[in-house]
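Structure record follows, encoded as structure tokens.
In my numbering, the protein residues as written are 9 to 201.
Below you can see the structure in the form of structure tokens.
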């Protein structure tokens, strides 16, 4: 009875989430249902913890060091966990996947701001930007050939200084979005496409 009850509960939750979140995503109904089934296949409890996410992410990228993978995975998890309660719900998963796969440039840059705000203070420093991009670059190098650390640092240094006109060393959300959206060099190395 436990398995049957669990599946019934999942189906009820899927219908509820689909009715509320489905229309606000960029997915057609059948696509949202597809992502929901994948989520419940991998996360039968309906709540994906940070540790589970880090482990899954680590299995997906096998060619880089564990520290880089887990650091980047924690930041990505934070970007999905919009209410900061320590787990990703089905709703948060659908919204995140919709943004990453079908979102417009603004939505993706808003999502990226969360990813780059390492300490959660609402600001992105040059070090934050460089750190996240270097972690992502490590993963890219193993799959599709990224840039060298020196090339990446030079791009971040130059572009960040152009965006940070006041010279404060930190970018707020609006300044980050406006600046990165005008920087083809940064967009080329960002973990969004």
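Yeah, the Cβ is synthetic: ideal placement off N, Cα and C, and Gly gets one too.
Worksheet item: Are the beta-carbon atoms of residue 171 and residue 189 separated by less than 8 Å?
Response: Result no, Cβ atoms of residue 171 and residue 189 do not sit closer than 8 Å.
Worksheet item: Alpha carbon to alpha carbon, how far is residue 146 from residue 133?
Response: 20 Å
Practice prompt. Alpha carbon to alpha carbon, how far is residue 127 from residue 44? Give it in angstroms, no decimals.
Written response: 30 Å
Worksheet item: If you pair each beta-carbon of the region 167–182 with each one of the region 129–143, do three or more pairs fall below 8 Å?
Response: yes
Discussion item. For a test of the three-state rule: what should DSSP assign to residue 51, helix, strand or coil?
Written reply: Residue 51: coil per DSSP, three-state reduction.
Practice prompt. Could you name the residues that DSSP lists as bridge partners for residue 179?
Written response: 132
Worksheet entry | In DSSP terms, what residue 160 is bridged to | Answer is none; residue 160 lacks a bridge partner.
Practice prompt. Name the one or two DSSP bridge partners that residue 97 has.
Written response: 55
Practice prompt. Put residue 32 into one of helix, strand or coil per three-state DSSP.
Written response: helix
Worksheet item: If you draw a straight line from the alpha carbon of residue 96 to that of residue 113, how long is it in whole angstroms?
Response: 23 Å
Discussion item. Give me the residue from 91, 74, 62 and 163 with the minimum Cα distance to residue 81.
Written reply: For the residues 91, 74, 62 and 163, the minimum Cα distance to residue 81 belongs to 62.
Item to complete: Check whether the Cβ atoms of residue 110 and residue 34 lie closer than 8 Å to each other.
Response: yes
Practice prompt. Report yes if the C-beta distance between residue 83 and residue 123 is below 8 Å; otherwise report no.
Written response: Closer than 8 Å, so yes.
Fill in: residue 57 beta carbon less than 8 Å from that of residue 143
no
Worksheet item: Does the beta-carbon of residue 104 have 16 or more other beta-carbons within 10 angstroms, so that it is buried, or is it exposed?
Response: buried
Worksheet entry | Beta-carbon proximity check, residue 181 vs residue 121, cutoff 8 Å | yes
Worksheet item: Cα separation between residue 59 and residue 49?
Response: 17 Å
Worksheet item: Rounded to the nearest angstrom, how far is the Cβ of residue 102 from that of residue 40, given a contact under 8 Å?
Response: 6 Å
Discussion item. Can you look up residue 139 in the DSSP assignment and give me helix, strand or coil?
Written reply: helix
Item to complete: Look at the alpha carbon of residue 161 and the alpha carbon of residue 195, and state the distance between them as a whole number of angstroms.
Response: Our two residues, residue 161 and residue 195, have alpha carbons roughly 14 Å apart in a direct line.
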